[in-house]
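> In our numbering, the protein residues as written are 93 to 201.
This is the structure:
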């Protein structure tokens, strides 16, 4: 996936990945092609797995309370199974940015 971004380095300044596993792969691909993280492109994951701290550079991520997320998903499924006419609902689960070495403040301009 990160390989598809290589031609756009310079146009983009960040890759926000759907998981820390994908972000780890992006860092590896960028490193293999001499793209500097975060100098050329920032990389941010999603789920804050423990291993992200040990990457070089360490991985910025978004932490989610996975137990609460699972509870909300289960609640939504039960509600849906109990009534086919149940109106759409919005469920909110808090997230927390975990800033590490793979990201940096945005460039001005």
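We put the beta carbon where it would ideally sit given N, CA and C, even for glycine.
Among the candidates 146, 174, 137, whose CA atom is the shortest distance from the CA of residue 106?
Locating residue 106 in the chain shown gives position 14, where the first residue counts as 1. It is 137 whose Cα lies nearest to the Cα of residue 106.
> Can you give me the Cβ contacts of residue 164 inside the same chain, cut-off strictly under 7 Å, excluding the 5 residues immediately before and after it?
Residue numbering aside, residue 164 sits at position 72 when the chain shown is read from its first letter. Counting only Cβ-Cβ distances below 7 Å, and skipping sequence neighbours, we find 183, 185.
> Using the rule of at least 16 other Cβ atoms within 10 Å of the residue's Cβ for burial, across every protein chain shown, is residue 195 buried or exposed?
On the chain shown, position 103 is the one that residue 195 refers to. Residue 195 should be labelled buried.
> Looking only at C-alpha atoms, which of 131, 161, 156 sits nearest to residue 149?
In the chain shown, the residue the question calls residue 149 occupies position 57. Residue 131 is the option with its Cα nearest to residue 149.
> Could you check if residue 95 is buried or exposed, using at least 16 other CB atoms within 10 Å of its CB as the buried criterion?
Residue mapping note: residue 95 aligns to position 3 of the chain shown, counting from 1. Exposed, since its Cβ has fewer than 16 Cβ neighbours within 10 Å.
> Smallest Cα separation from residue 101: which of 140, 111, 123?
Start at 1 with the first residue of the chain shown, and residue 101 comes out as number 9. For residue 101, the nearest C-alpha among the options comes from 123.
> In terms of residue numbering, what span does the alpha helix (DSSP H) encompassing residue 165 cover?
Counting from 1 along the chain shown, the entry for residue 165 is found at position 73. Note, residue 165: alpha helix (DSSP H), 158 to 174.
> Expressed to the nearest angstrom, what Euclidean distance is found between the alpha-carbon atoms of residue 285 and residue 151?
What is shown of the chain runs 93 to 201, which leaves residue 285 out entirely.
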